[in-house]
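Peer 1: I have a structure I would like to understand better, so I am pasting it below and will then ask my questions one at a time.
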Amino acid sequence: DGGITQSPKYLFRKEGQNVTLSCEQNLNHDAMYWYRQDPGQGLRLIYYSQIVNDFQKGDIAEGYSVSREKKESFPLTVTSAQKNPTAFYLCASSVDRGREQYFGPGTRLTVT
Amino acid sequence: KNQVEQSPQSLIILEGKNCTLQCNYTVSPFSNLRWYKQDTGRGPVSLTIMTFSENTKSNGRYTATLDADTKQSSLHITASQLSDSASYICVVSANTGFQKLVFGTGTRLLVSP
Numbered sequence: 055d056g057g058i059t060q061s062p063k064y065l066f067r068k069e070g071q072n073v074t075l076s077c078e079q080n081l082n083h084d085a086m087y088w089y090r091q092d093p094g095q096g097l098r099l100i101y102y103s104q105i106v107n108d109f110q111k112g113d114i115a116e117g118y119s120v121s122r123e124k125k126e127s128f129p130l131t132v133t134s135a136q137k138n139p140t141a142f143y144l145c146a147s148s149v150d151r152g153r154e155q156y157f158g159p160g161t162r163l164t165v166t
Numbered sequence: 016k017n018q019v020e021q022s023p024q025s026l027i028i029l030e031g032k033n034c035t036l037q038c039n040y041t042v043s044p045f046s047n048l049r050w051y052k053q054d055t056g057r058g059p060v061s062l063t064i065m066t067f068s069e070n071t072k073s074n075g076r077y078t079a080t081l082d083a084d085t086k087q088s089s090l091h092i093t094a095s096q097l098s099d100s101a102s103y104i105c106v107v108s109a110n111t112g113f114q115k116l117v118f119g120t121g122t123r124l125l126v127s128p
């Protein structure tokens with residue numbers, strides 16, 4: 055069963071704590087992405103990776119960090135430096151940059 | 016500034032009726048335009064993708080049109096079903112080397128029985 059998985063579906067954290075969101079794909083895609091979705095706004099790109107061991111900042115990278123040690127995995131860490139971390143986070147992947155992106159089911163993060 | 020605007024923001028229709036959602040964009044240079052369906056609390060799923068040379072594309076009861084001259088697109092849903100209740104997002108890709116995606120804020124559709 056191919057696809058993109060994100061875990062957990064819901065995540066709750068206290069302010070000041072770092073938290074890591076998981077994203078795994080078995081589609082053999084080279085490129086992976088992290089987006090943030092807030093009510094009334096379009097998806098915004100946080101980070102993307104075109105190949106293993108390489109990643110680039112998106113439009114709103116401040117307060118976030120990523121790693122790409124394996125082709126299948128692209129975890130996102132929301133650090134305490136992120137001022138408004140509560141949001142719906144979506145991971146996506148594509149065969150390579152420019153190709154159609156396939157989205158995971160998302161993780162809703164709530165920080166109080 | 017690259018922007019994608021969608022209208023209406025929300026829409027309620029009766030089951031079985033048709034509806035049309037609008038998308039205007041100012042993304043340049045244009046690469047392609049995609050429509051996604053996003054159920055509440057889920058990731059977006061692609062419905063159609065159109066390049067500059069395509070002006071219509073269908074996927075079952077969904078038909079997308081593209082007018083690259085006026086930079087407008089529409090998504091027409093025929094014979095709506097309760098399962099069509101979702102947000103529909105217009106996404107335009109800018110051909111800037113990386114193929115940056117510019118997302119609209121979506122139209123929230125509710126199909127009522």
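Respectively, the protein sequence lines represent chains F and Y.
Convert by adding 54 to the 1-based position in the first sequence; the result is the number in my numbering.
Convert by adding 15 to the 1-based position in the second sequence; the result is the number in my numbering.
For glycine and all other residues, C-beta sits at the position ideal for the given N, C-alpha and C.
1) Is any heavy atom of the ligand MG found at a distance shorter than 7 Å from the C-beta of S108/Y?
2) For the structure I just gave you, are there three or more beta carbon pairs, one from the region 86-99 of chain F and one from the region 113-123 of chain Y, closer than 8 Å?
3) Please report the straight-line C-alpha distance between K32/Y and G75/Y, rounded to a whole angstrom.
4) Run through DSSP, which three-state label would L97/Y get?
5) Within 8 Å (strictly less), CB to CB, does E69/F reach chain Y?
6) Taking CB distances under 8 Å as the criterion, tell me whether L65/F reaches chain Y.
7) List the whole-angstrom C-beta distance separating P159/F from K68/F, where the pair is believed to meet the contact cut-off of C-beta under 8 Å.
8) If you run the structure through DSSP and keep just helix, strand and coil, what is F128/F?
9) Determine the DSSP secondary structure at I100/F, reduced to helix, strand or coil.
10) Measuring only the C-alpha atoms, how far is G57/F from C77/F?
11) Excluding five sequence neighbours on each side, which residues of the same chain lie with their C-beta closer than 6 Å to the C-beta of S89/Y?
12) Within its chain, find whatever has a CB closer than 8 Å to the CB of Y118/F; leave out the 5 residues flanking it on each side and keep chain order.
13) For chain Y, find out if any of its Cβ atoms is closer than 8 Å to the Cβ of Q136/F; answer yes or no.
14) Would you please verify whether the beta carbon of G57/F is less than 8 Å from any beta carbon of chain Y?
15) Is the shortest distance between the beta-carbon of R151/F and the beta-carbons of chain Y less than 8 Å?
16) Would you mind working out which of V106/Y, A101/Y and N17/Y sits nearest R123/Y, comparing C-alpha positions?
17) At a Cβ cut of 9 Å, what residues of the region 50-71 of chain Y count as close to chain F, listed as they run along the chain?
18) Using a Cβ cut-off of 7 Å, pull out every chain Y residue sitting near P139/F, in sequence order please.
19) To the nearest angstrom, how far is it from the Cα of V126/Y to the Cα of K124/F?
20) Output needed for S127/F: all residues of its chain with C-beta closer than 6 Å, excluding positions within five of it in sequence on either side, in chain order.
21) According to DSSP, is L81/F helix, strand or coil?
Peer 2: Checking against the coordinates, here is how it stands:
1) Judged by which ligands are present, the structure shown has none, so any question about the ligand MG falls away.
2) Touching, per the Cβ criterion.
3) Cα to Cα, the separation comes out at about 15 Å.
4) Three-state DSSP puts L97/Y in a helix.
5) E69/F has a beta carbon lying at 8 Å or more from every beta carbon in chain Y.
6) Not one chain Y Cβ lies under 8 Å of L65/F.
7) Contact flag wrong, Cβ pair sits at about 25 Å.
8) In this structure, F128/F counts as coil in the three-state DSSP scheme.
9) Reduced to three states, the DSSP call for I100/F is strand.
10) For G57/F and C77/F, the distance between alpha carbons rounds to 11 Å.
11) These residues qualify, in order along the chain: T35, Q37 and T80.
12) Answer for Y118/F: W88, I100, Y101, L130, T131, V132, T133 and Q136, listed in chain order.
13) No, because no Cβ of chain Y sits closer than 8 Å to the Cβ of Q136/F.
14) Taking 8 Å as the CB threshold, G57/F stays off the interface with chain Y.
15) Interface residue, yes.
16) Ranking V106/Y, A101/Y and N17/Y by Cα distance to R123/Y puts A101/Y first.
17) The residues in question are Y51, Q53, G56, R57, G58, P59, V60, S61 and I64.
18) Going along chain Y, no residue has its Cβ under 7 Å from P139/F, so there is no contact; the nearest lies around 18 Å.
19) The straight-line gap separating the alpha-carbon atoms of V126/Y and K124/F is approximately 42 Å.
20) So the list reads E78, once near-sequence residues are dropped.
21) Three-state result, L81/F: coil.
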